[in-house]
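K.L.:
There are 2 protein chains.
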Amino acid sequence: MRLGQAVEWMLHTCLNLSWVDEPVSTARLADIYRLPSAYLNKQLQALAREKILVSVPGARGGFRLARDPAEISLLDVVVAVEGKAEAFRCAQILRNGPGGDPDVDYSSYCVVSQSMRRAELAWRRELAGRTIADIAADVVRRNPDAPELVRDALTN
Amino acid sequence: MRLGQAVEWMLHTCLNLSWVDEPVSTARLADIYRLPSAYLNKQLQALAREKILVSVPGARGGFRLARDPAEISLLDVVVAVEGKAEAFRCAQILRNGPGGDPDVDYSSYCVVSQSMRRAELAWRRELAGRTIADIAADVVRRNPDAPELVRDALTN
DNA sequence: GGAGTAGTACTCGGATACATTGTGTCCGAGTTATCTAGG
DNA sequence: CCTAGATAACTCGGACACAATGTATCCGAGTACTACTCC
Numbered sequence: 230m231r232l233g234q235a236v237e238w239m240l241h242t243c244l245n246l247s248w249v250d251e252p253v254s255t256a257r258l259a260d261i262y263r264l265p266s267a268y269l270n271k272q273l274q275a276l277a278r279e280k281i282l283v284s285v286p287g288a289r290g291g292f293r294l295a296r297d298p299a300e301i302s303l304l305d306v307v308v309a310v311e312g313k314a315e316a317f318r319c320a321q322i323l324r325n326g327p328g329g330d331p332d333v334d335y336s337s338y339c340v341v342s343q344s345m346r347r348a349e350l351a352w353r354r355e356l357a358g359r360t361i362a363d364i365a366a367d368v369v370r371r372n373p374d375a376p377e378l379v380r381d382a383l384t385n
Numbered sequence: 230m231r232l233g234q235a236v237e238w239m240l241h242t243c244l245n246l247s248w249v250d251e252p253v254s255t256a257r258l259a260d261i262y263r264l265p266s267a268y269l270n271k272q273l274q275a276l277a278r279e280k281i282l283v284s285v286p287g288a289r290g291g292f293r294l295a296r297d298p299a300e301i302s303l304l305d306v307v308v309a310v311e312g313k314a315e316a317f318r319c320a321q322i323l324r325n326g327p328g329g330d331p332d333v334d335y336s337s338y339c340v341v342s343q344s345m346r347r348a349e350l351a352w353r354r355e356l357a358g359r360t361i362a363d364i365a366a367d368v369v370r371r372n373p374d375a376p377e378l379v380r381d382a383l384t385n
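Here it is in structure tokens:
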């Protein structure tokens, strides 16, 4: 199992954007961590499509959070980047097995599938229970001047 | 995020093997679900390397479980197929950010990384808490003659 | 001096290549069972 | 009839291609700002 790098990028980017009000351009967001800006832009678009960010076109445009950081869970971000499909895809191979019935939906009946789904649900629940605001609070607790540093880097 | 098909194959295969004592050849294990035998063999080798299965060479050889089904967790199988690496890889991009310190290990310090790891731990815990024997018991409860069907299909 | 207008610089957005991983296949090395020949 | 050996069939095991996904890039469409010109 593997998650793309973009997940890390987007989480940190959302966190940074939670400390800024005005739109920030892709170039600024990329420079802060020395990331490839064009590719970052692609991922930002994905988040915009999922209504996590809003894109502002034109000069002095960019991206900003679409809603309060407390209303953006880590799961929202992960799903926006990686897609909604489940990690474990049941191909229903039991249909071909002995005693297999082509009319049964094994993705809900098969015990293996159920077990894998339960684990994935635990993962999702954990991610859904933690928001950008939660993380921001933890960061500030450790490093009180982090917001100021980020603001300076993003808004000249 | 995505898990390979082989995970499903291996879980069902381990389950089937839990009902047979003698070694079963790759061809037999593949035929039961109409799977490509050569590719299945590749995955079986991976499980053998991780000491979940033992391979018996020569005529009348094949694979059998290396230990009691109650001692084989779903996590063992998933890790054997997908590798030990974590799904979320922290690239420590904070080192490049404002106030970033090249000497700090952000994979343990960074709050984002911690949050992602916690979720993954929940996933792993769920998988580690469920064994092949547990699944076998559930299957028998629903379909008492399943073991007999599988045995017939695997041992002529 | 103020307003309208043309130009310009900057932004997103999608279409386009490259790299890595997952998926699938093939053939050779090694082992066991079988058959045969000899005692 | 029993035993030893050669043969043959079957198995795993790793090396070899193909496809899909992730990663990275480029250029065009559109917007806001700016400067200039005219009233």
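If you're matching them up, the sequences are chains A and B in order.
Per the numbering used here, the very first residue in the first sequence carries number 230; after that it's consecutive.
Per the numbering used here, the very first residue in the second sequence carries number 230; after that it's consecutive.
Glycine included, C-beta positions come from ideal geometry on N, C-alpha and C.
Bear in mind the structure is a predicted one, so any value in this text is a computation, not a measurement.
Based on the DSSP secondary-structure assignment, which residues constitute the bridge partners of B:THR360?
P.N.:
As a first step, residue 360 of chain B must be located in the second sequence, where it is residue number 131. Its beta-bridge partners are B:SER302.
K.L.:
From which residue to which residue does the alpha helix (DSSP H) around B:SER247 run?
P.N.:
Taking the first residue of the second sequence as position 1, residue 247 of chain B is located at position 18. From DSSP, B:SER247 is part of no alpha helix (DSSP H); its letter is neither H nor E.
K.L.:
Quick one: is A:ASN385 near chain B, going by C-beta distance under 7 Å?
P.N.:
Translated into positions along the first sequence, residue 385 of chain A becomes position 156. No - not a single Cβ of chain B is within 7 Å of the one on A:ASN385.
K.L.:
Quick check on DSSP: helix, strand or coil for B:LEU264?
P.N.:
Position 35 of the second sequence, counted from the start, is the residue given in the question as residue 264 of chain B. In this structure, B:LEU264 counts as coil in the three-state DSSP scheme.
K.L.:
Based on DSSP bridge pairs, tell me the residues matched to B:VAL285.
P.N.:
Residue mapping note: residue 285 of chain B aligns to position 56 of the second sequence, counting from 1. B:GLY291.
K.L.:
In three-state DSSP terms, what is A:VAL333?
P.N.:
By 1-based counting over the first sequence, the position of residue 333 of chain A is 104. If DSSP states are grouped into helix, strand and coil, A:VAL333 belongs with coil.
K.L.:
Going by beta-carbon coordinates alone, are B:ASN245 and B:VAL379 separated by less than 7 Å?
P.N.:
As a first step, residue 245 of chain B is located in the second sequence; it is residue number 16 there, counting from the start. As a first step, residue 379 of chain B is located in the second sequence; it is residue number 150 there, counting from the start. Yes; because the gap between Cβ atoms is below 7 Å, this pair is in contact.
K.L.:
Report yes or no: do the region 325 to 333 of chain A and the region 366 to 385 of chain B share at least 3 C-beta pairs separated by less than 8 Å?
P.N.:
The region 325 to 333 of chain A, when compared against the region 366 to 385 of chain B, does touch it at the 8 Å Cβ threshold.
K.L.:
At a CB-CB cut-off below 7 Å, which residues of chain A make contact with B:ALA235?
P.N.:
Mapped onto the second sequence, residue 235 of chain B falls at position 6. Simply none; closest approach about 11 Å.
K.L.:
Here's a check: name, in chain order, each residue in its chain whose Cβ is nearer than 7 Å to the Cβ of A:MET239, leaving out the five neighbours to either side.
P.N.:
Locating residue 239 of chain A in the first sequence gives position 10, counting from the first residue. Only GLN272, LEU276, VAL306, VAL310 meet the Cβ criterion.
K.L.:
Relative to the C-alpha of B:GLN343, which candidate in A:ALA382, A:ARG231, A:GLU237, A:MET230 has its C-alpha closest?
P.N.:
Along the second sequence, one-based indexing puts residue 343 of chain B at 114. That would be A:GLU237, whose Cα lies nearest to the Cα of B:GLN343.
K.L.:
Where do the ends of the alpha helix (DSSP H) carrying A:LEU399 lie?
P.N.:
Summary: the structure shown does not reach residue 399 of chain A, with chain A confined to residues 230 through 385, and so no result is reported for it.
K.L.:
Looking at the unbroken alpha helix (DSSP H) that takes in B:VAL379, where does it start and where does it end?
P.N.:
Here the question's residue 379 of chain B lines up with position 150 in the second sequence. First-last of the alpha helix (DSSP H) with B:VAL379: 375 to 383.
K.L.:
Taking any Cβ of chain B, which residues in the region 312 to 327 of chain A have a Cβ under 8 Å from it, in chain order?
P.N.:
Within the region 312 to 327 of chain A, the qualifying residues are ALA314, ALA316, PHE317, ARG318, CYS319, ALA320, ILE322, LEU323, ASN325, GLY326, PRO327.
K.L.:
Would you mind sorting A:GLY287 into buried or exposed? The rule is 16 or more other CB atoms within 10 Å of its CB.
P.N.:
By one-based count along the first sequence, residue 287 of chain A stands at place 58. So A:GLY287 counts as exposed.
K.L.:
Rounding to the nearest angstrom, what Cα-Cα distance links A:PHE292 and A:LEU383 in this structure?
P.N.:
Here residue 292 of chain A refers to the residue found at position 63 when the first sequence is read from its first residue. Here residue 383 of chain A refers to the residue found at position 154 when the first sequence is read from its first residue. Going by the C-alpha atoms only, they are around 12 Å apart.
K.L.:
Out of B:PRO265, B:SER337, B:ILE364, B:TYR335, point me to the one whose CA is closest to B:GLN234's CA.
P.N.:
Here residue 234 of chain B corresponds to residue number 5 of the second sequence, with the count starting at 1. Checked all of B:PRO265, B:SER337, B:ILE364, B:TYR335; the closest Cα to B:GLN234 is B:PRO265.
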